[in-house]
Structures are given as structure tokens and as C-alpha cells.
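Worksheet for the structure shown next.
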Amino acid sequence: LGILAVIGIVNRFGAHSTAAIGIAMRIDQLAFLPAMTLGMAVSTLAGQNIGAGLFDRVRAVFRWGVTVSCGLTLIGSVVAVTLAPRLIGFFTNESDVIEVGSHYLRIVGPGYLLFAVIFAANGVINGSGHTGATTVFTFITFWAVRVPLAAYLSSHLNSVDGVWYAILASLAAGTVASLAYYYSGRWKRRVAAPGIRRAE
69 LGILAVIGIV NRFGAHSTAA IGIAMRIDQL AFLPAMTLGM AVSTLAGQNI
119 GAGLFDRVRA VFRWGVTVSC GLTLIGSVVA VTLAPRLIGF FTNESDVIEV
169 GSHYLRIVGP GYLLFAVIFA ANGVINGSGH TGATTVFTFI TFWAVRVPLA
219 AYLSSHLNSV DGVWYAILAS LAAGTVASLA YYYSGRWKRR VAAPGIRRAE
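With this note's numbering, the residue at position 129 of the sequence shown is 197, and numbering never jumps.
See the structure below:
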């Protein structure tokens, strides 16, 4: 629903903007694959070690998850920023769409690294069973930051670029929320149902 709300705002700036975000989001998905995959790996390893009470290993998994995820995602980020017109050009030859899509990649592309950090941190949180927390983070990212900021900035700047800046800001907000929860240590609290014993 959050994505639909954002696209609704983009639609106000014409069909070329709508086409541009559709193409750019496909590129996003490719760039996010390493982070998403590593996030799932972090979740599995974190869950195993939390169950065994080996919290030092969980912290090591997080550090390595962030390092590897950011290293791989950096490649996608650099490609997206430096080769933006060519990437958009793979999907269309319309100059207006290429221009708008290139602006998207150049603004949002650096934020791919934030996404990598989010998935690593959320991997630990989800692995600990605190899935409600990451759901709240997603809600905040979209409905408290991305959608209202996209509406405001696009109107204030009178440009669809305002939506792109809002997407970047929401990724930053999501990163702060995930890291704050991780470093608070709240994920260490047991969430097992009564009657289920977990190793201390």
C-alpha cells in the first residue's frame, strides 16, 4: 500500500515519471538481491546462536553480515549512479523516461548501502523472534516518512525528484530505527511461548 501511495504521487508528474519509477524499481530489485539474501542468512545464523545463548557470535554474524552485504551492494550502487542513463536505456529509448529514471538512480542509488545495513540488522531482529519490531519499522518508513515527505517535497520542489529524495530519507530513517533497536539489545529478550524452553 505504501508503494502504491508513492506511485500515486509520481503519477501526478506524467506518464514518463510513472514509466521511469517502474523501470528504476526493477533495477532496485536486482541491486537489493545480495542484501536480501544475506539478510536471510543472518536471520538463520542469529536464530541458531540466540537459541544457544551465544550472543557474541550473533554480534559477529551482524558485523560480517553488514560488511559483506555493503561490499556487494556497493557494486550495484556505483553502477546505478555512474551508468544510470544506460541502465534505464536497456528498458526504453524515450529520452524523457531515461532522464527521469537517471535522476532516480543518482539520488536513490547511494541509499542501496542503507538498505544493506537494514537487512543485516533486521536479520538479527527477525532471527530473535522480534518480528513485530521490524513490521513497525516498515510502517514507520513508509507511512511516517516516505509517503508524507514525498507529497511535501514533490509539491515544494514542483518536481518528481522530491519523491526520490523522500525514498532516500525513508531508507535513512529505516536504518536508524533498525540499528537503534539492534544496539539497544532488546532483541535478546526471550519471546518463546510459555511451555517452550530455550537454552540460556
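All C-beta atoms, glycine included, are put in the ideal place defined by N, C-alpha and C.
Buried or exposed (CB count within 10 angstroms, at least 16 for buried), residue i
i: Asp96; result: buried
i: Arg179; result: For the record, residue 179 in the displayed sequence is Gly; it is not Arg. Flag for Gly179 reads buried.
i: Leu217; result: buried
i: Tyr172; result: buried
Extent of the continuous alpha helix (DSSP H) to which residue i belongs
i: Arg131; result: 123-150
i: Ala114; result: 83-119
i: Pro216; result: 215-225
i: Val194; result: A small fix is needed here, since residue 194 is Asn in this sequence, not Val. 180-195 is the extent of the alpha helix (DSSP H) around Asn194.
i: Glu167; result: 163-176
i: Phe207; result: 199-207
i: Ala237; result: 229-252
i: Leu72; result: 70-79
Separation of residue j from residue i, as counted between CA atoms
i: Gly230; j: Ala219; result: 8 Å
i: Gly191; j: Val126; result: 10 Å
i: Thr26; j: Thr209; result: Outside the displayed range of the chain (69 to 268) lies residue 26, so it cannot be described from this structure.
i: Gly169; j: Ala109; result: 32 Å
i: Ser145; j: Arg258; result: 37 Å
i: Ser222; j: Phe158; result: 27 Å
i: Phe123; j: Gly200; result: 21 Å
i: Val78; j: Val204; result: 25 Å
i: His224; j: Leu142; result: 31 Å
i: Val74; j: Ile91; result: 15 Å
### At least three beta-carbon pairs within less than 8 Å, the segment 158-167 to the segment 126-140
No contact exists between the segment 158-167 and the segment 126-140.
### Query
Is the number of C-beta pairs between the segment 115-122 and the segment 195-207 that are closer than 8 Å three or more?
Taking 8 Å as the limit for Cβ pairs, the verdict is that the segment 195-207 does touch the segment 115-122.
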